Amino acid sequence: MSNSPENFDWDKFESQGFGGGYSKEDRAEMEKMYDDTLTTVQEQEVVKGTVVGITDRDVILNIGFKSDGLVATSEFRDMPDLKIGDEVEVFIEDQEDPNGQLILSRKKAKIVSAWAKIYDALENDNILEGIVKRRTKGGLIMDLYGVEAFLPGSQIDVKPIRDFDVFVGKKMEVKVVKINAAFDNVVVSHKVLIEKDLEQQRAAILNNLERGQVLEGVIKNMTNFGVFIDLGGVDGLLHITDISWGRINHPEEVLQLDQKVQVVVLDFDDDKKRISLGMKQLTPHPWDALPAEVEVGSRVKGKIVNVADYGAFLELMPGVEGLIHVSEMSWSQHLRNPQDFIKQGDEVEAVVLTLDREERKMSLGIKQLTEDPWTKENVLTKYAVGTKHTGVVRNLTNFGLFLELEEGVDGLVHVSDLSWTKKIKHPSEFVKVGENLDVVVLELDVPNRRLALGHKQLEENPWDTFESVFNIGSVHKASVLEKSERGAVLELPYGIEGFAFPKGLTKEDGSQVEAGDSLEFKVTEFSKEDRKIILSHTATHTESADAARVAKATKKAPATATGEKKEKAPKAPKEVENKSTLGDLDALSALKEKMMDNEKEAGVKKLEAAAKKSKGSDEEASEEENNA
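FYI, our numbering numbers position 582 of the sequence shown as 1676, with every residue one higher than the one before it.
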């Protein structure tokens, strides 16, 4: 037999090699038959494979390639009933690894498929269903077919969500609103689905909206000025003043978030974008229940619910308030802060001053509970002219100060009645607001509620004594307090002030007197009525001017002293007159100087006694204060 091993041509076979016995036609036919049994695959694509084997670690899949692929069993946890023959989608990672093995992945296949669905949903506005995995800052993280997507808190619902944890683990339908391919970020929204459902409901509400309509809504947001209420897709504002007839400081005192409430439509704009709601309008107004016995002059009790700069509001009953103006809190004419009298929350009794039930307004007073001090029976004797009192300085003005002797009784101390000796330009130089001041009543006008008071009148007028001490021609040492173009202000003994004109400020060496100098000055003019003393330093060293002034004063002295006109003596011969004039002048000058020295000595003694008495009073007052 030609086919028997004995007849096989081994030399020919070895020379042709394996497969070399095929012709070109036979080889082409064989290759075609082999290629038809294989599938062309590309890396990084998703294909379908058939399960041909399952082990503890791997699942063997046939994708029609020249070799089978392996996928870890852990990737099929979502398919507990997986069996041989089932078809699944897998992702080709590598056609042939270093070991010649085909590398497949079902997990990546799921992700690629998920992204395809997500892009399709964004393009075609499809709805996707996912599971909320966890909460994060500002929203939720959802699982969409294996891809994580972010659901912002503002896109969960049309109303604000305060607790995100309640959604964790739950399924939720969403729409894709944004994809960031560079970072593989997906943003979804559940709110858009709800808004579509609410559009019809919102349209129905707005079309039928009218003033006075009563609606039911849910409180979705709360602020210090009111609450926003969801009326079913339409929001309305319930202002804090329209929540209750009574006064409330914050809506949370009477309302809660997510609470269902009945409200009435008060107003809305033409576009119906702003809707004003009311709640208190659904109940009767408390003023309608105000007792009839409440009238002008009656006493009422209540609680202070608000204190402002101009007064306080007293609540008689919820929704019924009266204003106590600050001027009605005290008989005092000096308006103070209402906080000085009452505080919020105080229980207060007051008198009804005005009442208007139609306008629902009421004014109240507290000071009317006590008697007006100006109408008391003893006011004429208590504040009679000449009586002495101590009051509190309440206000300072350019012309004087107002002193409160008791609550509601004020008096004016003119700036000229503060001191006998000092020229005070403004009361602030003498006293401060809040300090006590002793005064004497100068005038009393009960019908006009006026008191004229004086402080300097508590002491004798020292100018009666100064007239004999600072007589014209007398010389005193004085200090220059201040100097100006008009002259200089001088400080004389006993705290009295004098004035020197510029012409009297020349020193003996020709220089000018300056502020701070302490020099001798001669009195050139004295006026007790005007409390004015004019002095000159120049006169102290100008003998001629001094002699002329003394002669002039001597010539006028008899008429000034007696107040009578001096009779004219018959003219003597010129020769005799010349002889006797010098002697007469010397005698008269000596006599006048002696009289002036006596008066000056008496005045000085009187002032020293007054100063000693004043010093003793100050020491006693200081001792009493220390003992106190």
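C-beta: ideal position from N, C-alpha, C; glycine also.
As the structure is a computational prediction, the values presented were derived from the model and not from experiment.
What whole-angstrom Cβ distance do residue i and residue j have, given they're in contact under 8 angstroms?
{"i": "V1617", "j": "G1567", "result": "6 angstroms"}
{"i": "I1152", "j": "T1167", "result": "Before going on, a small fix: residue 1152 reads as Asp here, not Ile. Right, their Cβ atoms sit about 6 angstroms apart."}
{"i": "H1631", "j": "F1615", "result": "5 angstroms"}
{"i": "V1206", "j": "V1145", "result": "Wrong, their Cβ atoms sit about 20 angstroms apart, outside the cutoff."}
{"i": "R1488", "j": "D1504", "result": "7 angstroms"}
{"i": "G1163", "j": "L1196", "result": "4 angstroms"}
{"i": "V1328", "j": "L1287", "result": "Wrong, their Cβ atoms sit about 18 angstroms apart, outside the cutoff."}
{"i": "E1553", "j": "W1514", "result": "7 angstroms"}
{"i": "D1511", "j": "G1548", "result": "4 angstroms"}
{"i": "L1349", "j": "I1313", "result": "6 angstroms"}
Please classify residue i as buried or exposed, where buried requires at least 16 neighbouring CB atoms within 10 angstroms.
{"i": "L1497", "result": "buried"}
{"i": "P1521", "result": "buried"}
{"i": "E1415", "result": "buried"}
{"i": "S1725", "result": "Summary: the structure shown does not reach residue 1725, with the chain confined to residues 1095 through 1722, and so no result is reported for it."}
{"i": "A1653", "result": "Here A1653 scores only 46 on pLDDT, less than 50, and its place in the model is too uncertain to base an answer on."}
{"i": "A1203", "result": "buried"}
{"i": "F1435", "result": "buried"}
{"i": "A1383", "result": "exposed"}
{"i": "L1685", "result": "With a pLDDT of only 48 at L1685, under the threshold of 50, the placement of this residue in the model should not be trusted; the figure read from the coordinates follows. Per the 10 Å Cβ criterion, exposed."}
{"i": "L1545", "result": "buried"}
{"i": "V1165", "result": "buried"}
{"i": "I1178", "result": "exposed"}
{"i": "K1577", "result": "buried"}
{"i": "V1184", "result": "buried"}
{"i": "Q1249", "result": "buried"}
{"i": "F1560", "result": "buried"}
{"i": "V1446", "result": "buried"}
{"i": "Y1404", "result": "exposed"}
{"i": "E1293", "result": "exposed"}
{"i": "V1540", "result": "exposed"}
{"i": "M1236", "result": "buried"}
{"i": "G1267", "result": "Per the sequence shown, the amino acid found at residue 1267 is Glu instead of Gly. Exposed, by the Cβ-count rule."}
{"i": "G1610", "result": "exposed"}
{"i": "G1147", "result": "exposed"}
{"i": "M1423", "result": "buried"}
Would residue i pass as a contact of residue j if the rule is Cβ separation under 8 angstroms?
{"i": "P1380", "j": "W1339", "result": "yes"}
{"i": "L1331", "j": "F1322", "result": "yes"}
{"i": "V1270", "j": "A1215", "result": "yes"}
{"i": "V1281", "j": "I1212", "result": "no"}
{"i": "L1586", "j": "G1592", "result": "yes"}
{"i": "G1494", "j": "V1473", "result": "no"}
{"i": "N1530", "j": "V1563", "result": "no"}
{"i": "E1441", "j": "K1374", "result": "no"}
{"i": "N1318", "j": "H1284", "result": "no"}
{"i": "L1245", "j": "L1222", "result": "no"}
{"i": "V1607", "j": "A1572", "result": "no"}
{"i": "R1296", "j": "F1258", "result": "no"}
{"i": "L1584", "j": "V1574", "result": "yes"}
{"i": "Q1356", "j": "L1325", "result": "no"}
{"i": "L1408", "j": "I1418", "result": "yes"}
{"i": "L1536", "j": "Y1477", "result": "no"}
In the DSSP assignment, find the alpha helix (DSSP H) that holds residue i and state where it starts and stops.
{"i": "R1228", "result": "That residue, R1228, is in no alpha helix (DSSP H); its beta strand (DSSP E) goes I1221 to T1230."}
{"i": "A1215", "result": "R1200 to N1218"}
{"i": "V1527", "result": "Careful: V1527 lies outside any alpha helix (DSSP H) and carries neither H nor E."}
{"i": "T1632", "result": "T1632 to H1635"}
Starting from residue i and walking both ways along the beta strand (DSSP E), at which residues does that stretch end?
{"i": "L1332", "result": "D1329 to H1333"}
{"i": "V1068", "result": "Beyond the ends of the chain as shown, which are 1095 and 1722, falls residue 1068; an answer cannot be given."}
{"i": "R1544", "result": "R1544 to G1548"}
{"i": "G1592", "result": "E1591 to A1594"}
{"i": "G1311", "result": "V1308 to T1317"}
{"i": "F1496", "result": "G1494 to E1500"}
{"i": "R1488", "result": "K1482 to L1490"}
{"i": "K1455", "result": "K1455 to G1459"}
{"i": "H1344", "result": "That residue, H1344, is in no beta strand (DSSP E); it is neither H nor E in DSSP."}
Can you check DSSP and say which residues form a bridge with residue i?
{"i": "L1164", "result": "I1154 and I1197"}
{"i": "A1243", "result": "M1236"}
{"i": "H1570", "result": "F1615"}
{"i": "V1281", "result": "F1244 and K1272"}
{"i": "N1400", "result": "F1407"}
{"i": "L1538", "result": "L1545"}
{"i": "Q1356", "result": "E1310"}
{"i": "F1322", "result": "N1315 and L1331"}
{"i": "S1370", "result": "L1331 and D1361"}
{"i": "F1620", "result": "I1627"}
{"i": "Q1606", "result": "T1600"}
Chain C beta carbons: is any one of them nearer than 8 angstroms to that of residue i?
{"i": "E1217", "result": "Absent here is chain C; the protein component of the structure consists of one chain."}
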